[in-house]
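A.B. asks: Structure provided below as structure tokens; questions to follow.
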Amino acid sequence: MDKIYGRKPVLDSLDTDIKIYKAYIQKQNSKLVDTIIKKLEEKNIEISFVDKRFFDKIDMNHQGVMLEVESFKYATIDDIGDARRLIILDKIEDPHNLGAIIRSAESFGFDGVIIPERRSASVTSTVYKTSAGAINNIKVIRVTNLTRTIKDLKDMGFWIYGLAGEADSDISKTDLKGKVALVIGNEGEGISRLVRENCDMLINIPMLGKVNSLNASVAAGISMYELLRQNGFN
Numbered sequence: 001m002d003k004i005y006g007r008k009p010v011l012d013s014l015d016t017d018i019k020i021y022k023a024y025i026q027k028q029n030s031k032l033v034d035t036i037i038k039k040l041e042e043k044n045i046e047i048s049f050v051d052k053r054f055f056d057k058i059d060m061n062h063q064g065v066m067l068e069v070e071s072f073k074y075a076t077i078d079d080i081g082d083a084r085r086l087i088i089l090d091k092i093e094d095p096h097n098l099g100a101i102i103r104s105a106e107s108f109g110f111d112g113v114i115i116p117e118r119r120s121a122s123v124t125s126t127v128y129k130t131s132a133g134a135i136n137n138i139k140v141i142r143v144t145n146l147t148r149t150i151k152d153l154k155d156m157g158f159w160i161y162g163l164a165g166e167a168d169s170d171i172s173k174t175d176l177k178g179k180v181a182l183v184i185g186n187e188g189e190g191i192s193r194l195v196r197e198n199c200d201m202l203i204n205i206p207m208l209g210k211v212n213s214l215n216a217s218v219a220a221g222i223s224m225y226e227l228l229r230q231n232g233f234n
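Following full-length UniProt numbering, the numbering of the sequence shown begins with 1 at its first residue and continues without gaps.
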């Protein structure tokens, strides 16, 4: 069972087919919370109205609302046969980064986010909250082996581009049209060796300042926007 916190993530979840077991709500003067309560009542979902002490032990921005829902169901490669834009995350272990990347991927029209089973953040309540509900509208694929997955994607016609600060090719001067998967690595170590070796090309985001690295979610957002721009925002 998973837990979803925050008004916007909870409201967005109510508009999906995710199975909701129970809601916990702190009474408050909020039109958005009133809308949540109305939707819950329409769906005949049990509501427990709690006081502030219930949420005091929860260390996140809960906004006085919480859902207990079925555990997140990951997609598989077989579920993305028609995909044209994917993002692959290599050792992204911070759930805030994962949630932010999922939010950007959904916003930029990507078809899926691929993560490995090991050495990666998984979908948690923090990811639900940070994605601002976007996780309900995009496939998250969890695989056992990224290198094998990349080879499978190549067989499906994808070109694989890995972001690396030391790469010689500028992302804005690289042809990102067609079926493309972008690989984002860990902020400290970058893309792992085997994944790097299986990329078709390594590309960089040019920077002018003294800081020569970007937060993983920021780098992902910039690269996804560039891909979308090159494809005429279609």
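For every residue, glycine included, the Cβ atom is placed at its ideal position computed from N, Cα and C.
Going by C-alpha to C-alpha distance, which of Asp90, Ser131, Thr174 and Tyr225 sits closest to Ala100?
C.D. replies: Per the Cα distances, Ser131.
A.B. asks: Quick one: Cα of Tyr165 to Cα of Ser48, how far?
C.D. replies: Strictly speaking, residue 165 in this sequence is Gly, with Tyr absent from that position. Whole-angstrom Cα-Cα distance: 50 Å.
A.B. asks: DSSP beta-bridge partners for Ser48?
C.D. replies: Per DSSP, Tyr24.
A.B. asks: What first and last residue would you give for the alpha helix (DSSP H) that runs through Gly99?
C.D. replies: Taken as a continuous stretch (DSSP letters only), the alpha helix (DSSP H) holding Gly99 covers Pro95 to Ser107.
A.B. asks: Just the C-alpha distance for Ile150 and Ile138, rounded to the nearest angstrom, thanks.
C.D. replies: Those two C-alpha atoms are separated by around 19 Å.
A.B. asks: Tell me the rounded alpha-carbon separation between Ser71 and Leu208.
C.D. replies: Near 43 Å, if we compare the C-alpha coordinates of Leu208 and Ser71.
A.B. asks: Out of Ile80, Ile88 and Lys38, which has the shortest C-alpha to C-alpha gap to Ala216?
C.D. replies: When each option's Cα is compared against that of Ala216, the closest is Ile88.
A.B. asks: Helix, strand or coil: how does DSSP classify Leu67 here?
C.D. replies: In the structure shown, Leu67 sits in a strand (DSSP, three-state: E or B).
A.B. asks: Straight-line CA distance for Tyr161 to Asp90?
C.D. replies: Roughly 13 Å between the two C-alpha positions.
A.B. asks: Within 10 Å of its beta-carbon, does Asp59 have 16 or more other beta-carbons around it, so buried, or fewer, so exposed?
C.D. replies: Exposed is the call here.
A.B. asks: By alpha-carbon positions, which one of Asp152, Thr126 and Ser169 ends up nearest to Asp2?
C.D. replies: Nearest C-alpha to Asp2: Thr126.
A.B. asks: Can you tell me which of Asp152, Asn234, Phe108 and Gln26 puts its alpha carbon nearest to the alpha carbon of Ala134?
C.D. replies: Ranking Asp152, Asn234, Phe108 and Gln26 by Cα distance to Ala134 puts Phe108 first.
A.B. asks: Across which residues does DSSP place Gly190 in a beta bridge pair?
C.D. replies: Its beta-bridge partners are Asn186.
A.B. asks: Report the rounded CA-to-CA distance for Leu182 versus Arg193, giving the unit in angstroms.
C.D. replies: C-alpha separation (whole angstroms): 16 Å.
A.B. asks: My output table needs one value for Ile135: the three-state DSSP class, helix, strand or coil.
C.D. replies: Helix at Ile135.
A.B. asks: Alpha helix (DSSP H) containing Ile37: first to last residue?
C.D. replies: Taken as a continuous stretch (DSSP letters only), the alpha helix (DSSP H) holding Ile37 covers Lys31 to Glu42.
A.B. asks: Go to Gly221, then tell me how far its alpha helix (DSSP H) extends in each direction, as first and last residue.
C.D. replies: Run containing Gly221: Ala216 to Gln230, per the alpha helix (DSSP H) assignment.
A.B. asks: Taking C-alpha atoms, which residue in Gln26, Ala219 and Arg84 lies nearest to Ile205?
C.D. replies: It is Ala219 whose Cα lies nearest to the Cα of Ile205.
A.B. asks: Can you list, in chain order, the residues of its chain with a C-beta nearer than 6 Å to that of Arg103? Leave out the 5 residues immediately preceding and following it.
C.D. replies: Only Ser131, Ala132 and Ala134 meet the Cβ criterion.
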